[in-house]
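Novice:
Residue numbers (the numbering used here): 11 to 357.
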């Protein structure tokens with residue numbers, strides 16, 4: 011038995027090393043920013059503002075996007091003071107991510123400011139949360155809050171993603187060797203639900219689905235227009251947004267979250283950047299986040315506790331090979347059929 015356990019452990023470690031190597035974890039910095047141009051939404055406060063400052067300290071030129079012009083001006087002054095070099099450039103664009111078709115105008119503004127040079131990294135951070143016990147509120151309140159959360163959290167990121175991918179992936183934009191980088195910001199609640207967040211959690215689950223789907227789509231462009239897609243899953247951030255959501259948060263939700271780790275915006279932004287630069291696709295910022303990420307079945311009830319638990323354990327290994335095959339199919343199609351702009355339109 012000890013020998014069998016040793017062999018099994020060695021096999022698991024070996025498989026983990028192969029998986030880690032294939033994901034770029036041993037390949038150095040996967041998101042260098044020195045001299046690059048980074049656009050960040052929701053950058054006038056909280057995690058977005060901290061990320062802008064930390065990336066400026068690493069040499070990035072930064073474009074910050076938010077609604078409040080005064081706070082944007084403060085942010086630009088702050089990140090300029092933190093800059094690595096006096097040659098770095100900073101810019102702000104006032105925009106409401108919940109307004110339909112906002113993103114194209116933001117990208118046009120950013121490109122014009124950047125002398126029509128590419129935006130290298132786009133990080134969608136803007137978000138909001140309005141916790142409540144959904145069924146205890148009127149339809150106007152509950153559904154209205156849900157729609158507002160979806161407009162900001164999902165559509166704000168989705169429209170930006172579409173606008174920047176249209177720019178990065180057009181045939182004329184390539185070929186380029188170093189990947190552009192699109193980053194979404196979700197929440198650990200997209201990995202495990204908590205009562206009281208019915209207006210918020212679905213928006214982040216939707217965003218997670220978009221990120222995973224786009225991760226596959228951009229493989230079609232890998233030869234000439236490479237793009238990396240990542241997603242950050244923070245937990246509780248002690249930010250102005252957290253203070254606002256606490257005003258409506260049900261007592262049961264506060265109770266359920268009482269033992270959750272809490273981080274400052276700087277701590278979360280720093281951990282997120284380190285994960286992105288490691289090359290992580292799902293970036294968590296705490297052990298709790300890792301546990302939630304490992305929980306493939308999430309918080310849904312099990313049909314059969316024994317079979318589902320064993321199945322999840324087995325699939326965590328099998329899925330690695332399924333992904334190799336499935337992603338290989340997508341990349342193979344792209345190599346065989348060329349740039350997707352040449353495909354026959356069906357709509």
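Glycine included, each C-beta is placed from N, C-alpha and C at the ideal position.
Closest to residue 73 by CA distance: which of 58, 100 and 65 is it?
Specialist: Checking every option, the nearest Cα to that of residue 73 belongs to 100.
Novice: Using 10 angstroms around the beta-carbon of residue 254, count the other beta-carbons present and answer buried if the total reaches 16, otherwise exposed.
Specialist: Result: exposed.
Novice: State buried or exposed for residue 166, treating a residue as buried only when at least 16 other CB atoms are found within 10 Å of its CB.
Specialist: Answer is buried; the Cβ neighbour count reaches 16.
Novice: Taking residue 78 and residue 54 to be in contact with their CB atoms under 8 angstroms, please state how far apart those CB atoms are, rounded to whole angstroms.
Specialist: Yes, they are in contact, since the Cβ atoms of residue 78 and residue 54 sit about 5 angstroms apart, within 8 angstroms.
Novice: Is there contact between the region 269-280 and the region 49-69, where contact requires at least three CB pairs shorter than 8 angstroms?
Specialist: With a cut-off of 8 angstroms, the region 49-69 and the region 269-280 count as touching, because enough Cβ pairs lie within range.
Novice: Any heavy atom of the ligand PLP within a distance shorter than 7 angstroms of the CB on residue 259?
Specialist: You won't find the ligand PLP in this model; it holds no ligand whatsoever.
Novice: Could you check what DSSP says for residue 230 in three-state terms: helix, strand or coil?
Specialist: Residue 230: helix per DSSP, three-state reduction.
Novice: Using the C-alpha atoms, what's the distance from residue 122 back to residue 35?
Specialist: Summary for residue 35: the model assigns pLDDT 45, below 50, so the residue's position carries little reliability; its value from the coordinates is reported in the next sentence. Roughly 35 angstroms separates the two Cα atoms.
Novice: Tell me the residue span of the alpha helix (DSSP H) that contains residue 262.
Specialist: Counting along the chain, the alpha helix (DSSP H) containing residue 262 begins and ends at 261-266.
Novice: How is residue 171 classed by DSSP in three states: helix, strand or coil?
Specialist: Here residue 171 sits in helix by DSSP.
Novice: Decide yes or no for the touch test of the region 187-201 against the region 121-137: beta carbon pairs closer than 8 angstroms, at least 3 of them.
Specialist: Contact holds: three or more Cβ-Cβ distances are below 8 angstroms.
Novice: If you count every other CB in all the chains shown that lies within 10 Å of the CB of residue 117, and 16 or more means buried, which is it?
Specialist: Residue 117 is buried by the Cβ-count criterion.
Novice: Would residue 241 pass as a contact of residue 293 if the rule is Cβ separation under 8 angstroms?
Specialist: Cβ distance < 8 angstroms, so residue 241 and residue 293 count as in contact.
Novice: Exposed or buried, which one is residue 169 when buried takes at least 16 other CB atoms within 10 Å?
Specialist: Classification of residue 169: buried, given that the 10 Å Cβ count is 16 or more.
Novice: Give the DSSP bridge partners of residue 246, in chain order.
Specialist: Answer is 272.
Novice: Tell me the residue span of the alpha helix (DSSP H) that contains residue 133.
Specialist: It is not in any alpha helix (DSSP H) - residue 133 instead sits in the beta strand (DSSP E) that spans 131-134.
Novice: Nearest by alpha-carbon distance to residue 42: which of 207, 287 and 142 is it?
Specialist: Among 207, 287 and 142, the Cα nearest to that of residue 42 is on 287.
Novice: Measuring CA to CA, which of 98, 231 and 115 is closest to residue 47?
Specialist: Out of 98, 231 and 115, 98 has the C-alpha closest to the C-alpha of residue 47.
Novice: Within the same chain, show all residues whose beta-carbon is closer than 7 angstroms to that of residue 233, passing over the 5 residues directly before and after it, in chain order.
Specialist: Same-chain partners within the cutoff: 344 and 345.
Novice: Using 10 angstroms around the beta-carbon of residue 326, count the other beta-carbons present and answer buried if the total reaches 16, otherwise exposed.
Specialist: Exposed, since its Cβ has fewer than 16 Cβ neighbours within 10 Å.
Novice: Go to residue 337, then tell me how far its alpha helix (DSSP H) extends in each direction, as first and last residue.
Specialist: Segment 315-347, the alpha helix (DSSP H) holding residue 337.
Novice: For the region 138-148 against the region 243-260, are there 3 or more C-beta pairs whose distance is under 8 angstroms?
Specialist: Contact holds: three or more Cβ-Cβ distances are below 8 angstroms.
Novice: What is the rounded straight-line gap between the Cα of residue 147 and the Cα of residue 155?
Specialist: Those two C-alpha atoms are separated by around 10 angstroms.
Novice: Looking at the secondary structure, which residues open and close the alpha helix (DSSP H) in which residue 312 lies?
Specialist: Note, residue 312: premise wrong, no alpha helix (DSSP H); not H, not E.
Novice: Pop quiz: residue 56 and residue 189 are said to be a contact at Cβ under 8 angstroms. What is the actual Cβ separation, rounded to whole angstroms?
Specialist: Their Cβ separation, rounded to whole angstroms, is 27 angstroms, which puts residue 56 and residue 189 out of contact at 8 angstroms.
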